[in-house]
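**Q**
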Amino acid sequence: MEWNFEIIGHYFHHNRGDFIFARFIEGQADFQLKEGSVLGGIPIYHYVEIPRTLDENGNPRFDIFVFRPLSLEFLPAGFFSEGQHVKLVSPD
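Just add 777 to wherever you are in the sequence shown, counting from 1, and you've got our numbering.
1. Could you give the distance in angstroms between the alpha-carbon of L831 and the alpha-carbon of F796?
2. As an exercise, report each continuous alpha helix (DSSP H) stretch of at least 4 residues that is fully enclosed by the segment 784 to 813, in chain order.
3. Measuring CB to CB, does L865 end up less than 9 Å from S814?
4. When you compare each of E812, N792, F842 to N781 by their alpha carbons, which one comes out closest?
5. Assuming the contact rule is C-beta atoms closer than 8 Å, H787 and F857 should be a hit. Round their C-beta distance to whole Å, please.
6. Taking 8 Å as the cut-off, is the CB of F839 close to at least one heavy atom of the ligand GTP?
7. Measure the CB-CB distance between F798 and M778 and report whether it falls below 9 Å.
8. Distance, Cα to Cα, Q861 vs H790?
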């Protein structure tokens with residue numbers, strides 16, 4: 778299965794690795810990650826976080842997700858950039 782996302786941020790924590798914030802950009806954000814899932818060509822953990830993000834009216838945003846690569850090595854600068862569209866691919 779494939780879903781499209783827009784990168785809204787990429788952050789590195791010194792002892793936890795990279796965190797990729799992305800916005801679901803089409804349809805319902807109804808998906809399940811499985812082992813072997815890949816975001817923008819990078820293998821990711823098969824769990825996802827939904828950060829507490831609010832819109833301009835104070836309503837929760839359920840289209841924002843946080844993904845974490847399997848590798849704890851820092852991704853090269855610019856690998857994920859704000860506004861970049863990427864595919865989330867999860868095995869069937």
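Where is the CB? At the ideal position from N, CA and C, for every residue including glycine.
**A** Per the coordinate set shown:
1. 19 Å
2. Counting whole runs of 4 or more residues, the segment 784 to 813 contains no alpha helix (DSSP H) stretch at all.
3. yes
4. F842
5. 4 Å
6. What this structure holds is no ligand at all, so the ligand GTP is not there to describe.
7. no
8. Roughly 21 Å between the two C-alpha positions.
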